[in-house]
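*Asks:* To start, I am sharing the structure in question, which I have written as structure tokens.
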Amino acid sequence: MKVLGIETSCDETAASVVEDGDCILSNVVASQVDIHSRYGGIVPEVASRQHLLSIVPIVRQAMDQAGVTHRDLSAVAVTVGPGLIGSLLVGANFAKGLAASWGLRLIGVNHLEAHIYANWLEREVSPEFPALCLIVSGGHTDLVLMAGHGHYRLLGRTRDDAAGEAFDKAARILGLGYPGGPAIQQAASEGNPAVVLPRAWLKGTNDFSFSGLKTALFHLIRKTKHDSGFATQDVAAAFQEAVVDVLVSKTVEAAIRNGVSRILLAGGVASNQLLRSRMLKASPVPVVIPEPALCTDNAAMVASCGHYRFCYAAGPNLDVSASLSLT
Ligand code: KG4
Ligand code: ZN
Numbered sequence: 130m131k132v133l134g135i136e137t138s139c140d141e142t143a144a145s146v147v148e149d150g151d152c153i154l155s156n157v158v159a160s161q162v163d164i165h166s167r168y169g170g171i172v173p174e175v176a177s178r179q180h181l182l183s184i185v186p187i188v189r190q191a192m193d194q195a196g197v198t199h200r201d202l203s204a205v206a207v208t209v210g211p212g213l214i215g216s217l218l219v220g221a222n223f224a225k226g227l228a229a230s231w232g233l234r235l236i237g238v239n240h241l242e243a244h245i246y247a248n249w250l251e252r253e254v255s256p257e258f259p260a261l262c263l264i265v266s267g268g269h270t271d272l273v274l275m276a277g278h279g280h281y282r283l284l285g286r287t288r289d290d291a292a293g294e295a296f297d298k299a300a301r302i303l304g305l306g307y308p309g310g311p312a313i314q315q316a317a318s319e320g321n322p323a324v325v326l327p328r329a330w331l332k333g334t335n336d337f338s339f340s341g342l343k344t345a346l347f348h349l350i351r352k353t354k355h356d357s358g359f360a361t362q363d364v365a366a367a368f369q370e371a372v373v374d375v376l377v378s379k380t381v382e383a384a385i386r387n388g389v390s391r392i393l394l395a396g397g398v399a400s401n402q403l404l405r406s407r408m409l410k411a412s413p414v415p416v417v418i419p420e421p422a423l424c425t426d427n428a429a430m431v432a433s434c435g436h437y438r439f440c441y442a443a444g445p446n447l448d449v450s451a452s453l454s455l456t
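Read in order, the letters of the sequence shown are residues 130 to 456 in this note's numbering.
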């Protein structure tokens with residue numbers, strides 16, 4: 130069964146054809162990063178206008194690369210939230226039009242659930258349940274217990290900034306540009322953690338907090354401007370170390386406490402090399418992580434999630450929602 134996936138929740142216009150939930154036949158992503166980087170972050174109105182310009186050629190390219198016509202497809206899956214409402218509406222309405230004119234089933238997909246399903250792509254063996262999912266993206270940092278397809282329980286979440294948001298804000302403080310995650314990772318690879326930045330452990334909970342770390346970084350940079358104490362690369366390494374330390378420790382603790390069979394990483398921050406290597410080292414159970422290009426926003430994960438929703442879910446959700454939750 131082949132599913133066309135469409136993703137426009139933020140600043141990537143993406144389309145993909147996936148067979149049987151795991152085999153990627155095509156995966157096309159048009160990034161708007163060059164347009165938004167001059168503003169230091171995403172401008173929602175600009176993002177939705179760019180989606181309008183890109184959606185037709187990107188879907189066409191995904192179909193051509195997969196070598197399929199609409200007669201080969203069983204369904205169209207599209208992200209319906211959470212995300213930027215204008216951006217979501219472009220993808221959702223385009224998918225509705227396609228499904229109606231091609232006579233295909235339409236499946237509304239939760240963007241966070243789609244990030245989790247990136248772990249089903251290009252795998253010979255599917256991840257085992259129960260699994261603990263750490264979703265770390267630009268807008269979310271959630272620890273979710275996944276008992277089976279479609280069965281989620283939220284164990285904890287960030288109380289302030291998301292991990293990706295913290296990377297983006299820290300990069301801005303350090304003058305490293307946007308998006309911040311890859312920029313901090315690159316700078317950190319050329320330095321060593323020069324200082325120990327604070328960690329918010331929030332003991333006894335599965336919650337996270339990164340805003341204090343960001344403020345500590347801000348004050349450190351103000352001070353070093355006067356003292357010219359540390360190199361930017363060393364401060365970036367200290368920041369990355371602090372974020373990864375908390376993410377890994379709290380995830381491993383929760384995995385042990387809940388007796389899970391697998392840890393699954395998901396979302397853009399899961400492409401961070403230090404997070405990947407530390408999690409693999411610290412976890413008592415096998416860790417599943419998508420390829421870096423499948424961690425950041427793409428439509429293959431939407432098509433995979435759509436496949437499993439098609440197989441196990443009751444009614445599809447077709448209304449867009451900027452704040453759609455997973456649980
Ligand atoms: O999942 P994603 O592509 O979009 C959202 O759903 O938000 O995640 C984007 C976030 C950004 O905050 C970006 O800075 C972060 O993921 N990110 C990284 C890395 N690559 C992307 N953070 C840390 N290290 C990376 N290598
Ligand atoms: Zn995302």
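We put the beta carbon where it would ideally sit given N, CA and C, even for glycine.
1) Do SER216 and ALA176 count as a contact pair if the criterion is CB distance below 7 angstroms?
2) What beta strand (DSSP E) runs, 3 residues minimum, are completely inside the segment 140-177?
3) Is it a yes or a no for the segment 378-389 touching the segment 240-255, going by three-plus beta-carbon pairs under 8 angstroms?
4) With distance defined between alpha-carbon atoms, name the residue in LEU409, SER318, ALA229, LEU284 nearest to ALA367.
5) Can you list, in chain order, the residues of its chain with a C-beta nearer than 6 angstroms to that of VAL207? Leave out the 5 residues immediately preceding and following it.
6) Output the boundary residues of the beta strand (DSSP E) element that contains LEU202.
7) If you run the structure through DSSP and keep just helix, strand and coil, what is ALA395?
8) Taking 6 angstroms as the cut-off, is the CB of ASP297 close to at least one heavy atom of the ligand KG4?
9) Say yes only if the C-beta of SER266 is nearer than 6 angstroms to one or more non-hydrogen atoms of the ligand ZN, and no if none qualify.
10) Examine the ligand KG4 and report whether any of its heavy atoms sits within less than 6 angstroms of the Cβ of ASN401.
11) In angstroms with no decimal places, state the Cα-to-Cα distance between SER357 and LEU349.
12) Sorted by chain position, which residues of the same chain lie with C-beta nearer than 8 angstroms to PRO276's C-beta, five sequence neighbours on each side aside?
13) Is any non-hydrogen atom of the ligand KG4 found closer than 6 angstroms to the C-beta of GLN161, if you look at the structure I gave you?
14) Curious, which full-length alpha helix (DSSP H) runs of at least 4 residues does the segment 228-281 contain?
15) Cβ of ASP193 versus every heavy atom of the ligand ZN: is any distance shorter than 6 angstroms?
*Replies:* Once the coordinates are examined:
1) Going by C-beta atoms, ALA176 is nearer than 7 angstroms to SER216.
2) 141-148, 152-160
3) no
4) SER318
5) ILE135, GLY220, ALA221, ALA224
6) It spans 202-210 - the beta strand (DSSP E) in which LEU202 sits, taken as one unbroken run.
7) strand
8) yes
9) yes
10) Yes - the ligand KG4 has a heavy atom lying nearer than 6 angstroms to the Cβ of ASN401.
11) Interpretation of SER357 is limited by its pLDDT of 47, a score under 50 that renders its predicted location unreliable; no figure is taken from the coordinates.
12) Per the sequence shown, the amino acid found at residue 276 is Ala instead of Pro. Hits under 8 angstroms: PHE258, PRO259, ARG282.
13) no
14) As for any alpha helix (DSSP H) of minimum length 4 sitting wholly inside the segment 228-281, the runs are 240-246, ordered along the chain.
15) no
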